[in-house]
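Remarks on the structure that follows.
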Amino acid sequence: MSLITSLTKRQPTTTSSGPVRDIREKDGRLAFWLVVPSLIVLTIVIAFPVVWSFVRSLYGDGIGATPFVGGDNYANALWGNGSAEFWDAARFTYFFTAVSVVLEVLIGVGMALVANRAFRGRGLLRASVLVPWAIPTAVAAVLWKWAFDPNGIVNAVTGWDLIWTGAEGPSTVAIIVADVWKTAPFVALLVLAGLQIIPEDVYEAARLDGATAWQQFVRITLPLVRPALLVAILFRLLDALRMYDLPAIMTGGANGTTTLSVLVVQSSLSQLKPGYGGALATLTFLLIFITAFLFVRMLNVNAVEQAGVRTPRKKDSE
Amino acid sequence: MTTRTPDTAVKGAGRRGKKSVHRGSHLSMLGQNAALAAIIVFCLAPFYWMVVSSLKSPDEIFDNSLVPAEPTLLNYEAVFGAENTFVYALRNSFVIAGSVTIIALLFGVLAAYAIARLQFRFKTTVLALFLATSMFPGAAILTPLFQLFARLGWIDTYQAMIIPDISFSLPLGVWILTSFFRAMPWELEAAARVDGCSRGQAFRKIILPLAVPGVFTTAILVFISAWNEFMIANSMSQTPDAQPVTVAIAQFTGVSQYDKPYGTQMAAGVIVTIPLIILVLIFQRRIISGLTAGGLK
Numbered sequence: 001m002s003l004i005t006s007l008t009k010r011q012p013t014t015t016s017s018g019p020v021r022d023i024r025e026k027d028g029r030l031a032f033w034l035v036v037p038s039l040i041v042l043t044i045v046i047a048f049p050v051v052w053s054f055v056r057s058l059y060g061d062g063i064g065a066t067p068f069v070g071g072d073n074y075a076n077a078l079w080g081n082g083s084a085e086f087w088d089a090a091r092f093t094y095f096f097t098a099v100s101v102v103l104e105v106l107i108g109v110g111m112a113l114v115a116n117r118a119f120r121g122r123g124l125l126r127a128s129v130l131v132p133w134a135i136p137t138a139v140a141a142v143l144w145k146w147a148f149d150p151n152g153i154v155n156a157v158t159g160w161d162l163i164w165t166g167a168e169g170p171s172t173v174a175i176i177v178a179d180v181w182k183t184a185p186f187v188a189l190l191v192l193a194g195l196q197i198i199p200e201d202v203y204e205a206a207r208l209d210g211a212t213a214w215q216q217f218v219r220i221t222l223p224l225v226r227p228a229l230l231v232a233i234l235f236r237l238l239d240a241l242r243m244y245d246l247p248a249i250m251t252g253g254a255n256g257t258t259t260l261s262v263l264v265v266q267s268s269l270s271q272l273k274p275g276y277g278g279a280l281a282t283l284t285f286l287l288i289f290i291t292a293f294l295f296v297r298m299l300n301v302n303a304v305e306q307a308g309v310r311t312p313r314k315k316d317s318e
Numbered sequence: 001m002t003t004r005t006p007d008t009a010v011k012g013a014g015r016r017g018k019k020s021v022h023r024g025s026h027l028s029m030l031g032q033n034a035a036l037a038a039i040i041v042f043c044l045a046p047f048y049w050m051v052v053s054s055l056k057s058p059d060e061i062f063d064n065s066l067v068p069a070e071p072t073l074l075n076y077e078a079v080f081g082a083e084n085t086f087v088y089a090l091r092n093s094f095v096i097a098g099s100v101t102i103i104a105l106l107f108g109v110l111a112a113y114a115i116a117r118l119q120f121r122f123k124t125t126v127l128a129l130f131l132a133t134s135m136f137p138g139a140a141i142l143t144p145l146f147q148l149f150a151r152l153g154w155i156d157t158y159q160a161m162i163i164p165d166i167s168f169s170l171p172l173g174v175w176i177l178t179s180f181f182r183a184m185p186w187e188l189e190a191a192a193r194v195d196g197c198s199r200g201q202a203f204r205k206i207i208l209p210l211a212v213p214g215v216f217t218t219a220i221l222v223f224i225s226a227w228n229e230f231m232i233a234n235s236m237s238q239t240p241d242a243q244p245v246t247v248a249i250a251q252f253t254g255v256s257q258y259d260k261p262y263g264t265q266m267a268a269g270v271i272v273t274i275p276l277i278i279l280v281l282i283f284q285r286r287i288i289s290g291l292t293a294g295g296l297k
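Here the protein sequences come in this chain order: A and B. UniProt numbering puts the first residue of the first sequence at 1, with every later residue one more than the last. UniProt numbering puts the first residue of the second sequence at 1, with every later residue one more than the last.
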């Protein structure tokens, strides 16, 4: 994976001879003991459940002994009895992800551009941008559920009389609004860090050459901020695709707002179908993995290099 | 917005020793301030609404006025009242998020030190593992974990939430800490070792004190993410004994289905959010540097 090699390739390759090899062996043993505690936790909490989930997905559900059924659970989810709910959830998850990530990027970039030029009120701006990010998603969900109540503020302000969580369209809008509010400021923060390392001289040179504001944005800002922006989008993508809290609290997954994560939890825990739920879990993971992989490959994102190299230069002196 | 405002021009000139053109600066300053105000309203209005709603009495709550006519602390009394176990939830959240922060940082510092400073054979694999785990949908591991913890009799215990939360925080923590460790002046460590310190001594006496800001930043981010966790906690905690605040708030249902305890929920939301807002106000610089170094939520 190109993501990872960049982190390690900077290390010099040592030839293994004499004292150097000694040091490397010592390093290796020390590194082993330092990394092992983290790896143990990750094995218990991530690796074991993923393997268990996959193995369990090959067995049937029911009371008593569960027979080996091979790929039946998968067939059931993909084109059998469960296919309607699986594809509905997949469709909703991707629709929700596409719309909210696009909105978050547009709003986030806009906010970052404004914040980058602002000098007065910068402290207030920074603090307020962090508020939606800091509020627990569960609290944000309750807050927006209340705002979208038939007697709530949204209907009062718009003059509409909608039962927002009563039908698919309005429910989707409500969940997207909540997510955009909570995470657009986060995108803005990451983009702002990218903007702050662009030297002002570049813009001045462009202005001398007669570039318009739009030309400066398209020719200078966008290409230079692209790496930071792509990393922000990748993390938003991963997060939106596994969205659980907002639909679980706001609608309970009703009216076509069941995301893949909600479906997995409902099938395996609430309906006590660990085999079928395991198949759904594996499929969900595969979808997310493939989406992230395609995104990284197609756009050539280098997340690790970004994280390793970029530290925002202090442009503000408040 | 091609021109900089006089304000920025002056400051910019002072700092960079350059002058810039300002044409139509009054107009652009007006636009600038309007845009700033819009952002602040966008971010804070919903939070303001939460505070306002929490101060309204049940009779007043549906009139949607922007300022409570008769502010009351009734909802806050209800939150801490006898029928709600919110105090326990606050305690549980502090215990869970606190333990997660301490343990995840302990493990994370060790791993990040190894990744940033040591040569070892499976470094790439280890990094790949850390990155891959941050990609897993939590829903996919929930059921196996639930069954495992049920067999151990751990349902409704702190460790049933602490252990999963540690593993969610580790990739983030290791990532941020590694980038902090990389940026440190390692010549000091080398010098200390030349002077006869062992690797462990050099780490404890030289590196760790220098790493305190980075560790602290990571601690804030890990604490906030553990405090905000909902999905795992919602399944693992069944009674108020172990429920953290996120679950308690989501489950604040009224007496009947038609009873909407919004005022109480909003008051609880305000209480839960206040520690986070305080953290954000005090440590905004650190939080932003940590977020942009990690690029992760």
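Just so it is clear, CB atoms sit at the ideal spot from N, CA and C, and this is done for glycine as well.
Round the Cβ separation of residue i and residue j to the nearest angstrom and send it over; I've been treating them as touching at under 8 Å.
i, j, result
"B:M266", "B:S54", "4 Å"
"A:S171", "A:T251", "5 Å"
"B:F252", "B:A242", "Not quite, the Cβ-Cβ distance comes to about 17 Å (not below 8 Å), so this is no contact."
"B:A226", "B:I96", "6 Å"
"A:V191", "A:V225", "6 Å"
"B:P46", "A:L143", "6 Å"
"A:G275", "A:S57", "6 Å"
"A:A281", "B:A139", "7 Å"
"B:E60", "B:E70", "7 Å"
"A:T257", "A:I175", "6 Å"
"B:L145", "A:V45", "7 Å"
"A:A131", "B:I249", "Sequence check: residue 131 of chain A is Val here, not Ala. Rounded, the Cβ-Cβ distance is 17 Å, inconsistent with contact."
Near residue i, what residues of its chain come up, given a Cβ to Cβ distance below 6 Å and the 5 sequence neighbours on each side ignored?
i, result
"A:V202", "I220"
"A:A115", "L125 and L192"
"B:Q257", "Note that B:Q257 has pLDDT 45, beneath the 50 cutoff, so the model's placement of it is unreliable and the number below is only indicative. Here the set comprises nothing."
"B:T292", "none"
"B:V255", "Low confidence applies to B:V255: its pLDDT is 43, below 50, so where it sits in the model is not reliable, and the reading given next is rough at best. Contacts found: none."
"B:N75", "S54, G263, T264 and A267"
"A:D27", "none"
For residue i, collect the residues of the same chain with a Cβ closer than 8 Å to its Cβ; drop the 5 residues on either side in sequence, then sort them by chain order.
i, result
"B:K205", "A192 and C197"
"A:R207", "Q216"
"A:A167", "N255"
"A:K9", "Only weak support is given to the placement of A:K9: the predicted model assigns it a pLDDT of 42, under 50, and the value that follows is read from those uncertain coordinates. There are no such residues."
"B:R199", "R193"
"A:A90", "L260 and L287"
"B:L279", "I220, F223, I224 and I287"
"B:G238", "One point to set straight first is that residue 238 of chain B is Gln, not Gly, in the sequence displayed. So the qualifying residues of the chain are I155 and D156."
For residue i, I'd like the list of residues in its chain whose CB is within less than 7 Å of its CB, leaving aside the five on either flank, ordered along the chain.
i, result
"A:Q266", "G253"
"B:V109", "L177 and V215"
"A:L162", "N155 and P170"
Please state whether the Cβ-Cβ distance between residue i and residue j is less than 7 Å.
i, j, result
"A:V36", "B:A114", "no"
"B:F149", "B:I141", "no"
"B:L188", "B:T218", "no"
"A:G121", "B:L36", "yes"
"A:P185", "A:V231", "no"
"B:M50", "B:V270", "yes"
"A:T66", "A:Y59", "yes"
"B:I166", "B:A104", "yes"
"B:Y88", "B:P261", "no"
"A:V264", "A:T284", "yes"
"A:L195", "A:F295", "no"
"B:A112", "B:F181", "yes"
"A:S268", "A:D179", "no"
"B:F72", "B:S57", "Position check: residue 72 of chain B holds Thr in this sequence, whereas Phe was assumed. Yes."
"A:Y244", "B:M231", "yes"
"B:F62", "A:N151", "yes"
"A:P247", "B:N228", "no"
"A:A188", "A:A112", "yes"
Does the Cβ of residue i lie closer than 6 Å to at least one heavy atom of the ligand NAP?
i, result
"A:P185", "Of the ligands one can find in the structure shown there are none, so the ligand NAP has no counterpart to examine."
- [ ] Taking only beta carbons into account, state which residues of the stretch 182 to 199 of chain B come closer than 9 Å to chain A, listed in chain order.
- [x] R182, A183 and R199
- [ ] Output, in sequence order along the chain, the residues in the stretch 55 to 70 of chain B whose CB is closer than 8 Å to any CB in chain A.
- [x] F62 and N64
- [ ] Name, going along the chain, the residues of the stretch 127 to 144 of chain B whose beta-carbon falls closer than 7 Å to a beta-carbon of chain A.
- [x] L127, A128, L129, L131, T133, M135, F136, P137, G138, A139, A140, I141, L142, T143 and P144
Open item on the list: At a CB distance below 7 Å, what residues from the stretch 110 to 128 of chain B approach chain A? Give them in sequence order.
Closed with: L110, A111, Y113, A114, L118, Q119, F120, R121, K123, T124, V126, L127 and A128
- [ ] Would you list, in chain order, the members of the stretch 135 to 160 of chain A that have their beta-carbon closer than 9 Å to a beta-carbon of chain B?
- [x] I135, P136, T137, A138, V139, A140, A141, V142, L143, W144, K145, W146, A147, D149, N151, G152, I153, N155, A156 and V157
- [ ] Note down, in chain order, all residues in the stretch 236 to 252 of chain B with a beta-carbon under 7 Å from any beta-carbon belonging to chain A.
- [x] T246, I249 and A250
Open item on the list: To be precise: take each residue of the stretch 282 to 293 of chain A, compare its Cβ to all Cβ atoms of chain B, and keep it if any distance is under 8 Å. Which residues remain?
Closed with: T282, T284, F285, I288, F289 and A292
Open item on the list: Output needed in chain order: residues of the stretch 239 to 262 of chain A with a Cβ under 7 Å from some Cβ in chain B.
Closed with: D239, R242, Y244, D245, I249 and S261
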